[in-house]
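Undergrad:
There are 2 protein chains.
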Amino acid sequence: MRRLPILVLLCLLGCGRREAVSLDRLQWLDLSHDFSSETIYWPTAKPFQMEIVSAQRTPAGYYYAANNFSAAEHGGTHLDAPVHFAEGQWTTDQIPLRNLIGPAVVVDVSSRAAGNSDYLVRPEDLQAWEAAHGPLPDSAIILIHTGWGKLWPDRARYLGTTKSGPEAIPELHFPGVDASAARWLVDQRHPRAVGIDTPSLDYGQSSTFDTHQILFAANIPGFENVANLDQLPPRGSWVVALPMKIKGGSGGPLRIVAAVRAK
Amino acid sequence: MRRLPILVLLCLLGCGRREAVSLDRLQWLDLSHDFSSETIYWPTAKPFQMEIVSAQRTPAGYYYAANNFSAAEHGGTHLDAPVHFAEGQWTTDQIPLRNLIGPAVVVDVSSRAAGNSDYLVRPEDLQAWEAAHGPLPDSAIILIHTGWGKLWPDRARYLGTTKSGPEAIPELHFPGVDASAARWLVDQRHPRAVGIDTPSLDYGQSSTFDTHQILFAANIPGFENVANLDQLPPRGSWVVALPMKIKGGSGGPLRIVAAVRAK
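Keeping their order, the protein sequence lines are chains A and B. When we follow our numbering, the leftmost residue of the first sequence carries the number 1, and every step to the right adds one. When we follow our numbering, the leftmost residue of the second sequence carries the number 264, and every step to the right adds one.
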């Protein structure tokens, strides 16, 4: 058993220029939407529902609140485990913490996606980030900022439709990651995970989910409906993304936070 | 937008003796049990259930796995939000990240609880920790290690009964935190949160849940059914405990991890 305090030097990304920040000077940001009846799910998925069991004073005299809840794994801010689209790959509980915790970069395509709800992130977007900020570090958590997080929870604008059920699927319009960019990331930059502020890593008009297939075949988890990406710097943040640990799950509710240097 | 990497100095607990550790030298431990049909819930609560929606190749040719799930908020490794026993206090989504992330200490009472499934942690246990390790730091996450985590998922030994429903309640036997210790912590050490490796902060024989009431009246959240506390040092670890962000929730599934210096 170790009894001494630890002073941890986190060299978050690269180390070209270092600056010491104490724990109390770290600012934690919540990148998670909350779960309620307003939470956006895939149009064919079971939405989040809460049942109140108690919210009152008991006969014994103390106040007691408790609820039951139910949902699909894939809705709200959530994890896609690799098994979601890749048979035999990691289930939710099998994903190593290393793939959920680490340095993060934010690739901001929001100005390009603003006028195009079918925008596809391509390798050129990633290379433009590198031209501005230096090489994407190996083994980073890559967060794609399309600007869609600002549309939450306006279902019509966020999904492109207010319909539910199978007839909504052809009407889905939101940006995503093109298969070419997924392939480039897997082959060239080996990310720990890839997140996005839209309902899906593949864009709304996808019917084959190639980006899911490419990332998950490489056991790279996905984070979807991520919030507040406009509040993160392009590099230098540190993400902790902890899903509900569902045994054998294909995904699940995700609480994702990021540490940045306090101003 | 900040473009420079950050080097973070985390002075985890006190700073009497510092040691620099890089991010890659941090070891992350999972303090969470998984959710499955084996997961232990309070005998009167709705257990975790998973419904398989798909686990097969689709007509379009790609593999697709997805599930629905349902549960009570209070089961498995989970959060107790202060509103669980204190009307008007924080709901799950209202708890600041500051109360979920921070330096942790482990108070090990496992040798004293080993022969007594009704063991109650008292102020003397906390003061014994201080005699051995120095003052409990202000604003720490206090984790109570009773040894019960090793009994999971053996319901008979972990809960004291295999019954379910109201008739199980009088037969519950597991250690907890006495009201006197809860009061001492609230008044003297102002913890961010209090966790334990049993089903409840109050011991199994409690019928009034005084420790819940005392902590939650002070807006101090609880973490229950925490796993692997035998793997943490008494001090010097750093905990990130992220609950599913249920709006208006009284608790919810919790993924809790800890960083320690790698050996």
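Beta carbons are placed, not taken as given, at the ideal position from N, Cα and C, and that holds for glycine.
#1: Taking CB distances under 8 Å as the criterion, tell me whether Val109 of chain A reaches chain B.
#2: What does the alpha-carbon distance come out to for the pair Arg418 of chain B and Ile303 of chain B?
#3: Listed from N- to C-terminal order along the chain, which residues in the region 22-43 of chain A have their beta-carbon within a distance smaller than 7 Å of any beta-carbon of chain B?
#4: Mind pulling the chain A residues with CB within less than 7 Å of Asp356 of chain B?
#5: I want to see whether chain B comes within less than 8 Å of Gln205 of chain A, judged by CB atoms only; does it?
#6: Below 7 Å, is the gap between the Cβ of Val503 of chain B and the nearest heavy atom of the ligand FAD?
#7: Could you give the residue range of the alpha helix (DSSP H) that holds Leu215 of chain B?
#8: Name the chain A residues that come within less than 8 Å of Arg518 of chain B, Cβ to Cβ?
#9: State the start and end residues of the unbroken alpha helix (DSSP H) segment that holds Gln286 of chain A.
#10: In three-state terms, what does DSSP make of Tyr304 of chain B?
#11: Give the DSSP bridge partners of Gly222 of chain A, in chain order.
#12: Give the interface partners of Ala323 of chain B over in chain A, defined as CB-CB distance under 8 Å, in chain order.
#13: Could you give the first and the last residue of the continuous alpha helix (DSSP H) run that contains Phe332 of chain B?
#14: Kindly indicate which residue of B:Val523, B:Ile459, B:Val503 has the alpha-carbon position closest to the one of Val384 of chain B.
#15: Check Pro516 of chain B in the structure and name its three-state DSSP category.
#16: Would a check of beta-carbon distances place Ala525 of chain B closer than 8 Å to chain A?
#17: State buried or exposed for Gly236 of chain A, treating a residue as buried only when at least 16 other CB atoms are found within 10 Å of its CB.
#18: Please list, in chain order, the residues of the region 99-129 of chain A that have any C-beta partner in chain B closer than 7 Å.
#19: Of all Cβ atoms in chain A, is any one closer than 8 Å to the Cβ of Glu487 of chain B?
#20: Please classify Thr340 of chain B: is it buried, with 16 or more other beta-carbons within 10 angstroms of its beta-carbon, or exposed?
#21: Would you say the region 183-197 of chain A touches the region 157-167 of chain A, given that touching needs at least three Cβ pairs under 8 Å?
#22: Which residues, taken in chain order from the region 412-431 of chain B, show a beta carbon closer than 8 Å to some beta carbon of chain A?
#23: For Glu434 of chain B, would you say it is in contact with chain A, using Cβ-to-Cβ distances shorter than 8 Å as the test?
#24: What's the gap between the Cα of Ser295 of chain B and the Cα of Gly115 of chain A?
#25: Going by beta carbon distance, what residues of the same chain come within less than 7 Å of Val284 of chain B, once the five residues before and after it are set aside?
#26: Put Val21 of chain A into one of helix, strand or coil per three-state DSSP.
#27: Hey, how far is the Cα of Asp356 of chain B from the Cα of Asp30 of chain A?
#28: Could you check the C-alpha separation between Val369 of chain B and Ala308 of chain B for me, to the nearest Å?
#29: Starting from the C-beta of Pro416 of chain B, find all residues in its chain whose C-beta is less than 8 Å away, skip the five residues before and the five after it, and write them out in chain order.
#30: Step through the CB atoms of chain A and report whether any lies within less than 8 Å of the CB of Gly439 of chain B.
#31: Quick check on Gln357 of chain B: does DSSP put it in helix, strand or coil?
#32: Enumerate in chain order the residues of its own chain whose CB-to-CB distance from Pro310 of chain B is below 8 Å, with the five nearest sequence positions on each side excluded.
TA: With the given structure in hand:
#1: Mapped onto the first sequence, residue 109 of chain A falls at position 109. Val109 of chain A does not count as touching chain B.
#2: The residue given as residue 418 of chain B occupies position 155 in the second sequence. The residue given as residue 303 of chain B occupies position 40 in the second sequence. Rounded to the nearest angstrom, the two C-alpha atoms are 7 Å apart.
#3: Ser22, Leu23, Leu26, Trp28, Asp30, Ser32, Asp34, Phe35, Ser36
#4: Mapped onto the second sequence, residue 356 of chain B falls at position 93. Asp34, listed in chain order.
#5: Looking up residue 205 of chain A in the first sequence gives position 205. Chain B, which has no Cβ nearer than 8 Å to the Cβ of Gln205 of chain A, makes this no.
#6: The ligand FAD is not among the ligands present in this structure, which contains no ligands whatsoever.
#7: There is simply no residue 215 of chain B to check, as chain B begins at 264 and stops at 526 in what is shown.
#8: Position 255 of the second sequence, counted from the start, is the residue given in the question as residue 518 of chain B. Correct list: Leu242, Pro243, Met244, Lys245, Arg255.
#9: Not covered by the structure: residue 286 of chain A. The range shown for chain A is 1 to 263.
#10: Taking the first residue of the second sequence as 1, we reach residue 304 of chain B at position 41. If DSSP states are grouped into helix, strand and coil, Tyr304 of chain B belongs with the strands.
#11: If you number the first sequence from 1, residue 222 of chain A lands on position 222. Gly222 of chain A pairs with A:Asp80, A:Val194.
#12: Here residue 323 of chain B corresponds to residue number 60 of the second sequence, with the count starting at 1. Neighbours of Ala323 of chain B on chain A, chain order: Ser207, Thr208.
#13: Working through the second sequence from its first residue, we reach residue 332 of chain B at position 69. Taken as a continuous stretch (DSSP letters only), Phe332 of chain B belongs to no alpha helix (DSSP H), being part of the beta strand (DSSP E) at 326-335.
#14: Counting from one through the second sequence, the residue named residue 384 of chain B turns up at place 121. The option with the nearest alpha carbon to Val384 of chain B is B:Ile459.
#15: Here the question's residue 516 of chain B lines up with position 253 in the second sequence. In the structure shown, Pro516 of chain B sits in a strand (DSSP, three-state: E or B).
#16: The sequence position of residue 525 of chain B within the second sequence is 262, counting from 1. Chain A contact via Cβ: absent.
#17: Within the first sequence, residue 236 of chain A is the residue found at index 236, counting from 1. By the neighbour-count rule (16 or more Cβ atoms within 10 Å), Gly236 of chain A is buried.
#18: Ile101
#19: Along the second sequence, read from residue 1 onward, the residue named residue 487 of chain B stands at position 224. Answer no: the Cβ-Cβ gap between Glu487 of chain B and chain A never drops below 8 Å.
#20: Along the second sequence, one-based indexing puts residue 340 of chain B at 77. It is buried - the Cβ of Thr340 of chain B has at least 16 other Cβ atoms within 10 Å.
#21: no
#22: none
#23: Taking the first residue of the second sequence as position 1, residue 434 of chain B is located at position 171. No, Glu434 of chain B lies away from the interface with chain A (no Cβ there is under 8 Å from its Cβ).
#24: Looking up residue 295 of chain B in the second sequence gives position 32. Looking up residue 115 of chain A in the first sequence gives position 115. Near 43 Å, if we compare the C-alpha coordinates of Gly115 of chain A and Ser295 of chain B.
#25: Within the second sequence, the letter at position 21 stands for residue 284 of chain B. Residue placement at Val284 of chain B is poorly supported in this model, since its pLDDT is 48, which falls under 50; the coordinates are not used for a value here.
#26: The count along the first sequence starts at 1 and reaches residue 21 of chain A at position 21. Because the pLDDT of Val21 of chain A is 48, which lies under 50, any placement of that residue in the model is unreliable, and the number read from its coordinates should be weighed accordingly. Here Val21 of chain A sits in strand by DSSP.
#27: As a working mapping, residue 356 of chain B is identified with position 93 in the second sequence. As a working mapping, residue 30 of chain A is identified with position 30 in the first sequence. Straight-line Cα distance between these residues: approximately 11 Å.
#28: Stepping through the second sequence from its first residue, residue 369 of chain B is reached at position 106. Stepping through the second sequence from its first residue, residue 308 of chain B is reached at position 45. The alpha-carbon atoms of Val369 of chain B and Ala308 of chain B are separated by roughly 29 Å.
#29: The residue labelled residue 416 of chain B in the question sits at position 153 within the second sequence. Taken in chain order, the residues that qualify are His296, Glu301, Thr302, Ile303.
#30: Locating residue 439 of chain B in the second sequence gives position 176, counting from the first residue. Chain A contact via Cβ: absent.
#31: Residue mapping note: residue 357 of chain B aligns to position 94 of the second sequence, counting from 1. Looking at Gln357 of chain B - three-state DSSP - the assignment turns out to be helix.
#32: Start at 1 with the first residue of the second sequence, and residue 310 of chain B comes out as number 47. Excluding residues within five positions, the ones whose Cβ falls inside 8 Å are Ser300, Thr302, Tyr304, Ala334, Ala335, Gly338.
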